[in-house]
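One structure below.
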Amino acid sequence: MPYRIFIDQGHNPRNPNAGAEGNGLREQDITYDVGVRLAALLNANPDFEARLSRNSPDTVLGASNAESLRLRVAAANSWPADYFISIHTNASDIPNASGSEAYVFAANTTAFYFAEQILAGLNAATGLADRGVFVRPTLYVLRKTAMPAVLVELGFITTPSDAFLMRDRPDLFARGIYNGIRAYLGL
Ligand SMILES: [Zn+2]
Numbered sequence: 002m003p004y005r006i007f008i009d010q011g012h013n014p015r016n017p018n019a020g021a022e023g024n025g026l027r028e029q030d031i032t033y034d035v036g037v038r039l040a041a042l043l044n045a046n047p048d049f050e051a052r053l054s055r056n057s058p059d060t061v062l063g064a065s066n067a068e069s070l071r072l073r074v075a076a077a078n079s080w081p082a083d084y085f086i087s088i089h090t091n092a093s094d095i096p097n098a099s100g101s102e103a104y105v106f107a108a109n110t111t112a113f114y115f116a117e118q119i120l121a122g123l124n125a126a127t128g129l130a131d132r133g134v135f136v137r138p139t140l141y142v143l144r145k146t147a148m149p150a151v152l153v154e155l156g157f158i159t160t161p162s163d164a165f166l167m168r169d170r171p172d173l174f175a176r177g178i179y180n181g182i183r184a185y186l187g188l
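Numbering (our numbering), first residue to last: 2 to 188.
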């Protein structure tokens, strides 16, 4: 049986639940693209089956922010997925904040160690710093998913070097997450 990986691209193309903006870029465009590339890598490997929360760039999930999040979790839970990955870009008021980080529901869990491998894969593929895994039990998509769930922040859309790398080399971010998934599973 292939591992079922649910990839949530985090945001809608417009409100409700649009993403952050910076350096002329929109989070939802970056996460949509990286998600599609990650799904393609996974679905080309018989060890995996991947599904996306947004299968087209125009797809808007939900009529409110809460419903948008609920529908993403419901799609993963009803499948059911074995692992859930929500893809985001970070934002900060701190100039030149840089690197990738991840959030999970609790420490010392499958999700925590899975997230560590995803960040290691991203660091190796993109060269961006690994800022570590943080526990965020209040995040809806981590709280309500029935399987190990990781929210990954690829880099800072507010920092030009991170933003332009995400714009120009989305393939590196998809490949990094893919390599991290395989490393965690020993595949
Ligand atoms: Zn986001």
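C-beta atoms are modelled at their ideal positions from N, C-alpha and C, and glycine is treated no differently.
The beta strand (DSSP E) enclosing residue i, as first and last residue numbers
| i | result |
| --- | --- |
| D9 | 4-9 |
| S93 | Here S93 belongs to no beta strand (DSSP E), and DSSP marks it neither H nor E. |
| S101 | 101-105 |
| V134 | 131-136 |
Straight-line gap, residue i to residue j (C-alpha atoms, nearest Å)
| i | j | result |
| --- | --- | --- |
| K145 | F106 | 10 Å |
| Y114 | G63 | 31 Å |
| D83 | G25 | 36 Å |
| M2 | A76 | 19 Å |
| G181 | R15 | 30 Å |
| A45 | Y4 | 13 Å |
| A125 | A103 | 15 Å |
| G36 | I8 | 6 Å |
| S93 | L43 | 31 Å |
| A164 | Q118 | 22 Å |
| A112 | F85 | 9 Å |
| V136 | S79 | 25 Å |
| Y185 | L120 | 11 Å |
Outcome for residue i when other beta-carbon atoms lying within 10 angstroms are tallied against a minimum of 16
| i | result |
| --- | --- |
| S69 | buried |
| I96 | According to the sequence as given, residue 96 is Pro; it is not Ile. By the neighbour-count rule (16 or more Cβ atoms within 10 Å), P96 is not buried but exposed. |
| D169 | exposed |
| G133 | exposed |
| P171 | buried |
| D30 | buried |
| D34 | buried |
Extent of the continuous alpha helix (DSSP H) run through residue i
| i | result |
| --- | --- |
| T127 | 111-127 |
| G181 | 171-186 |
| L42 | 28-44 |
| I15 | Here the sequence assigns Arg to residue 15, which means Ile is not the residue at that position. Looking at the DSSP string, R15 is not in any alpha helix (DSSP H), and its letter there is neither H nor E. |
| R73 | 66-79 |
| L140 | That residue, L140, is in no alpha helix (DSSP H); it is neither H nor E in DSSP. |
For residue i: DSSP bridge partner residues
| i | result |
| --- | --- |
| S87 | D9, L152 |
| L166 | Paired residue(s): none; L166 is not in a bridge. |
| R52 | F7 |
| G23 | L26 |
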